[in-house]
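Protein chains in written order, with my numbering: chain G, 5 to 198; chain P, 5 to 198. In this text, a Cβ means the ideal position worked out from N, Cα and C, and glycines have one as well. In what follows, a structure is listed as structure tokens, so that the remarks can point back to it.
Rendered as structure tokens:
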């Protein structure tokens, strides 16, 4: 009996994995607006009733799939605010220009404008990606490395905003010289230690 | 005959205006993804065949509607780079927090990720909104007001990026103190004249 329960568990895991893989494929192709349970069922071969047994609604499946998007960056500790921010922005630039989620994220932002469930999922995703920035800034502040009056929220907006602007709005390259220019402006002009 | 041609023109204008008004209403409710010719026809009372006579496709109608979104800001000339940027950012903050298009724009950004027609429309919209920033920065550069090596593109990203970040990603308030913090950082630290 135990053996059969185990194989049942595995079968459930396999069918959930198939559904999630197909959801990611449709998200990458068409964004959130293009994802339907109908098409997921058709392409994954998993019956709609089974999909609805695992996720009670299309929204629930989308929230589950999108909240697994990428892992939050680790908090660096290289010994200076400038070094930590450089590590985080280099990682962000890389994710923005190569990761799968970067072409899907605008559809999450769009859905969040109207759907409260998507809005709270987007808020959680956003928080998980911004927390490392907040941690390194607060640590530097505690060490007296930051001389400016600017709040941590303001500094994060000044560091990350230009990157999002380039990826999704102006569609310009985010290269090493752009990363350095942002760090020069935001970190070097607001910190005591260069 | 001339009179009848005129009344025919007026009738066409009225029906186009009805279709555009209904398109805006659906855009504001649901973003681009929620706009269908079927629903526009149903709510405006204009037959689908007439809509397709004016706009050959759903895309063409969306491009026409979205490209009329808001007017580009005027180029200010108050005598200093700081004053000009302050005028532009105050106007931008206001538009981002009150204008109709700000909840629709993410759906344009999303569509632009996959649809080349939407991408070129978004690029044109973006350009029309950023040009005033470029004009005041280039004018200040020509007058020797800017000491930094930073390119105009970099400065625009640093000024505008944090605003877009707050409106669509972190959902934080854009108030007077935030506007002043951005100007202090980007303009005062890169210009010779304060």
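Option in 109/G, 46/G, 98/G and 166/G with minimal Cα separation from residue 22/G: Selection 109/G, 46/G, 98/G and 166/G evaluated against residue 22/G yields 46/G as nearest (Cα-Cα).
Going by Cα to Cα distance, which pick from 91/G, 31/G and 87/G is closest to residue 77/G? 91/G
Top-ranked residue by Cα proximity to residue 17/G, from 86/G, 57/G and 186/G: Out of 86/G, 57/G and 186/G, the CA that lies nearest to the CA of residue 17/G is found in 57/G.
Closest Cα partner of residue 149/P within the set 69/P, 161/P and 88/P: Of 69/P, 161/P and 88/P, the residue nearest in Cα terms is 88/P.
Does the contact criterion of 3 or more C-beta pairs under 8 Å hold for the stretch 118-128 of chain P versus the stretch 167-181 of chain P? Flag = no, the stretch 118-128 of chain P and the stretch 167-181 of chain P do not touch.
Cα separation between residue 55/G and residue 42/P? 30 Å
Per DSSP, what kind of secondary structure is residue 50/G in: helix, strand or coil? coil
Determine whether the Cβ of residue 130/P lies closer than 8 Å to any Cβ atom of chain G. yes
Would you decide whether residue 30/G is buried or exposed? Buried here means 16 or more other CB atoms lie within 10 Å of its CB. buried
Please work out which residues of its chain come closer than 7 Å, Cβ to Cβ, to residue 74/G, disregarding the five sequence neighbours upstream and downstream, and give them in chain order. 99, 103 and 105
Tell me which same chain residues have a C-beta within less than 7 Å of the C-beta of residue 81/P, skipping the five on either side of it? 88
According to DSSP, simplified to helix, strand and coil, what is residue 177/P? coil
Comparing the CB of residue 12/G with every heavy atom of the ligand FMN, is any distance shorter than 7 Å? Ligands displayed in this structure: none; no statement on the ligand FMN is therefore possible.
First and last residue of the alpha helix (DSSP H) that includes residue 160/P? Element bounds for residue 160/P: 156-168.
Please classify residue 188/P: does DSSP put it in a helix, a strand, or coil? helix
Which residues in the same chain as residue 110/P place their Cβ atom closer than 8 Å to its Cβ, once the five residues preceding and following it in sequence are excluded? 35 and 172
Determine the closest residue to residue 39/P out of 187/P, 13/P and 64/P, with distance taken between C-alpha atoms. 64/P
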